[in-house]
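Read the structure below first, then the notes.
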Amino acid sequence: MASISAPYPPQESPFNALTRWLAALAALLVIAASTLGIGLGAVELAYANAMYPGVSVRGIDLSGLSRAEAGDLLSRAFTYPQTPSFTFRDGDKAWTAAPAELGATFAVEETVNRAFAYGRSGNLRLDLEDQFWAWYEGIDIAPVMTFDPNRATAYLNSIASQIDTPPVEAALTVNGTQVVVTPGAYGRTVNVGGTLDQIITPLKNLGSADVPLAIVEYRPGVLDASLQAAIAQTILSQPMTLVVENPRPGDPGPWTFDQTQLASMLVINRTEDANGARYEVGLDAAQLTPFLETLAPLVETKSKDAGFIFNDETQELELISGREAVDGRLLNMAATIQNINAQAVTGAHTIPLVFDIVQPQIGKNTKAAALGITGLVSDQVTYFAGSSAERINNIRIGSAAFHGVFIPPGGTFSFNEILGDISLDTGFSEALIIYAGRTIKGVGGGICQVSTTAFRAAFFGGYPIVERHSHAYRVGYYEKGFGPGLDATIFSPVADFKFINDRDAWLLIETYVYNNGVLQYKFYSKDDGRKVTVGAPDVKNVVPAPNDKYEENPELKQGEIKQVDFKADGADTVVIRKVERDGQVLWEDAIRTHYLPWQAVYQYGPGTTLPEGANLEAAATPTPTP
418 MASISAPYPP QESPFNALTR WLAALAALLV IAASTLGIGL GAVELAYANA MYPGVSVRGI
478 DLSGLSRAEA GDLLSRAFTY PQTPSFTFRD GDKAWTAAPA ELGATFAVEE TVNRAFAYGR
538 SGNLRLDLED QFWAWYEGID IAPVMTFDPN RATAYLNSIA SQIDTPPVEA ALTVNGTQVV
598 VTPGAYGRTV NVGGTLDQII TPLKNLGSAD VPLAIVEYRP GVLDASLQAA IAQTILSQPM
658 TLVVENPRPG DPGPWTFDQT QLASMLVINR TEDANGARYE VGLDAAQLTP FLETLAPLVE
718 TKSKDAGFIF NDETQELELI SGREAVDGRL LNMAATIQNI NAQAVTGAHT IPLVFDIVQP
778 QIGKNTKAAA LGITGLVSDQ VTYFAGSSAE RINNIRIGSA AFHGVFIPPG GTFSFNEILG
838 DISLDTGFSE ALIIYAGRTI KGVGGGICQV STTAFRAAFF GGYPIVERHS HAYRVGYYEK
898 GFGPGLDATI FSPVADFKFI NDRDAWLLIE TYVYNNGVLQ YKFYSKDDGR KVTVGAPDVK
958 NVVPAPNDKY EENPELKQGE IKQVDFKADG ADTVVIRKVE RDGQVLWEDA IRTHYLPWQA
1018 VYQYGPGTTL PEGANLEAAA TPTPTP
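Each residue of the sequence shown is one higher than the one before, counting from 418 in the numbering used here.
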């Protein structure tokens, strides 16, 4: 509670004060002389318990009244705490309060005491002067008001409860394929302290006031999202297409997402940093990633080393025409997602995938010396004279895949990996294969001639063999000059042929197919002094082939007999290999093979006369089960 009464009138200069005092004294003397001879003492005595003449409070005359009488009169006559009014405004809204509602209270007793004290300071000169001028001109004493700021604060808080609103952030949502934006709004709160400061002076002056409320506005984190809404709508305005930039022959794509799909992937994230809060729109990485993961195997390519042959005379590599190095590429999913979002927000709708380029290890300018290649380390041939045109075609196509191929030091040669897909689409023909316990026509027949020759080049070159599989039965093509036990079949992906290049130099493979029915593998690397000794095949447990079997085939003509499988004795074979260097045995291993006895099978047309004692059986189509 605080007093807010106006102070006594200001002090005059000494000269003026003296003049007024002399005048007051003379006047008092005149008054005293004219009042039947009453002296100054009698005057003081007459007003000992009463207000001096001319004393008033806010125009209410208290002359000659006791303090009790003056208090009663002022209580009835002074209405300021109830009137006038203070008006508080916020725009077109207004709130009106009397001073009493704001904590202003009329202090009657204090005001009366202040009025009674006028002319009674104890200083004779000053008191006589004050008494005279009160009588002569009158003196109006300011009422004493007390002020309780808590009441004013409570009143202003009640107004604030009607005004205070929190800030509202702009909203950004997607409805179907349409973007809906709701603007934000500033928050507002009444500054009670600042408003309170505006009413103190009017209250001191016992006046009224029209007070604009002190308002503090708070900006929301995101006030306007119209720009982000426009970006989002741009993304959804038409389909988005992903493409392989600068496509190579055979590259897949494009891949298109319609607006509905884009809407389902659209994400709106609120971010905040030193520059403030904002919305960011884009496409959901969590939804794009699975799609890109399925896409990766379709668009990624391995790098291809340049293909070379080794010139035995110059000891240098010579680039094979059309076998230049080719960069590989790996789909960078994180960079692709980043690029999609970066381009989409600019209005782009055809967006390229992002790849990491994989450089080949062997470029067109590679030198033999840099690879450690010094000469021929293994040379092996197999024979296929008498093969069908289809089988020869497969041998040529298959062996070409290995011509000019490099294997790094410590690298593993995988026949299936290098060969790739065996299909009609890749140029292979149908020829005889061993499949499901029968010799039948299948795509790629003759490829095992290629894998067998590769196996022998690695075997006699002293390379460690990692994986090798034999044929089900002995095949005459593979035994010329070697005997049984040194063949190698493949059947992708379950059966592969693998070996390790354990030299400290690269291995260059060359393959040649000659018109006289010879397939040749040549291995070029560094001669590290190893010597390979291979023993003759040890053949045991020979099992004679079963009797010939005859099957009726309704597709054959009467009298037509066709051999579709060929007999072979079963056996177990072991071939021992010893690898030495400088008289020290590096290792010794054995190639063990189990061959099944194989039955010759003949098919004949209906009504055909068969040889006496022929083993008859109904014709059957083999079920392909590897």
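For glycine and all other residues, C-beta sits at the position ideal for the given N, C-alpha and C. Please read all numbers here as calculations on a predicted model, not as lab measurements.
| Check | Outcome |
| --- | --- |
| Please state whether DSSP places Val956 in a helix, a strand or coil. | strand |
| Do Pro656 and Glu586 have their beta-carbon atoms positioned less than 7 Å apart in this structure? | no |
| Go to Met750, then tell me how far its alpha helix (DSSP H) extends in each direction, as first and last residue. | 750-761 |
| Name, in chain order, the residues that DSSP records as bridge partners for Leu793. | Tyr941 |
| Would you mind sorting Asp547 into buried or exposed? The rule is 16 or more other CB atoms within 10 Å of its CB. | buried |
| Should Gln645 and Leu589 be called a contact, given that it needs their Cβ atoms to be closer than 7 Å? | yes |
| Quick check on this structure: which residue in Thr1025, Thr928, Ile917 has the alpha carbon closest to the alpha carbon of Lys974? | Thr1025 |
| DSSP three-state label for Val775, please. | strand |
| Does the stretch 927-944 come into contact with the stretch 979-999, if we say contact requires no fewer than three beta-carbon pairs (one atom in each stretch) closer than 8 Å? | no |
| Could you name the residues of the same chain whose beta carbon sits closer than 6 Å to that of Ala713, not counting the 5 residues immediately before and after it, in chain order? | Leu748 |
| From Val460 to Ala551, what does the alpha carbon distance come to, in whole angstroms? | 14 Å |
| Am I right that Ile754 and Leu705 are in contact with their C-beta atoms under 8 Å? What's the rounded C-beta distance? | 5 Å |
| Please name the residue in Leu841, Phe523, Leu788, Ser795 whose C-alpha comes closest to that of Ile814. | Leu841 |
| Would you be able to state if there are at least three C-beta pairs under 8 Å between the stretch 764-781 and the stretch 886-906? | no |
| Are the stretch 860-869 and the stretch 943-959 in contact at 8 Å, needing three or more beta carbon pairs? | no |
| Could you give the residue range of the alpha helix (DSSP H) that holds Asp614? | 609-621 |
| Going by DSSP, what residues sit across from Thr1006 in a beta bridge? | Looking at the sequence shown, residue 1006 is not Thr but Asp. DSSP output for Asp1006 lists Arg994 as bridge partner(s). |
| Relative to the C-alpha of Ala818, which candidate in Gly827, Leu925, Asn958 has its C-alpha closest? | Leu925 |
| Under a three-way DSSP split, which group does Thr582 fall into? | strand |
| Among residues of its own chain, excluding the 5 on either side of Val883, which ones have a beta-carbon nearer than 8 Å to its beta-carbon? | Thr829, Lys915, Phe916, Ile917 |
| Measure the alpha-carbon distance for Ala559 versus Leu640 and round it to whole angstroms. | 52 Å |
| Work out the CA separation of Asn567 and Asn574 for me, nearest whole Å. | 10 Å |
| Would Pro764 and Thr651 be called neighbours here (beta carbons separated by less than 7 Å)? | The question names Pro, yet the displayed sequence has Gly at residue 764. Yes, the Cβ-Cβ distance between Gly764 and Thr651 is below 7 Å. |
| Please name the residue in Thr570, Ala962, Gly789, Thr843 whose C-alpha comes closest to that of Asn811. | Thr843 |
| Helix, strand or coil for Trp1044 per DSSP? | Absent from the model: residue 1044. The displayed extent of the chain is 418 to 1043, so no value can be given. |
| Express the C-alpha separation of Leu659 and Tyr880 in angstroms, rounding to a whole number. | 47 Å |
| With a threshold of 8 Å on Cβ separation, who are the neighbours of Gln732 within its own chain once the five nearest residues in sequence on each side are excluded? | Ala785, Thr791, Gly792 |
| On the three-state DSSP scale, how would you describe Leu683? | strand |
| So what does Phe523 bridge to, in DSSP terms? | Met562 |
| What residue range does the beta strand (DSSP E) around Ala514 cover? | 510-514 |
| According to DSSP, which residues form a beta bridge with Trp550? | Beta-bridge pairing links Trp550 to no other residue. |
| Among residues of its own chain, excluding the 5 on either side of Gly508, which ones have a beta-carbon nearer than 7 Å to its beta-carbon? | none |
| Tell me His1011's beta-bridge partners as DSSP assigns them. | Asp989 |
| Which one or two residues does DSSP pair with Gly693 in a beta bridge? | Asp690 |
| Whose C-alpha, out of Pro825, Asn592, Tyr603, is nearest the C-alpha of Asp581? | Tyr603 |
| Span of the beta strand (DSSP E) holding Ile632? | 632-635 |
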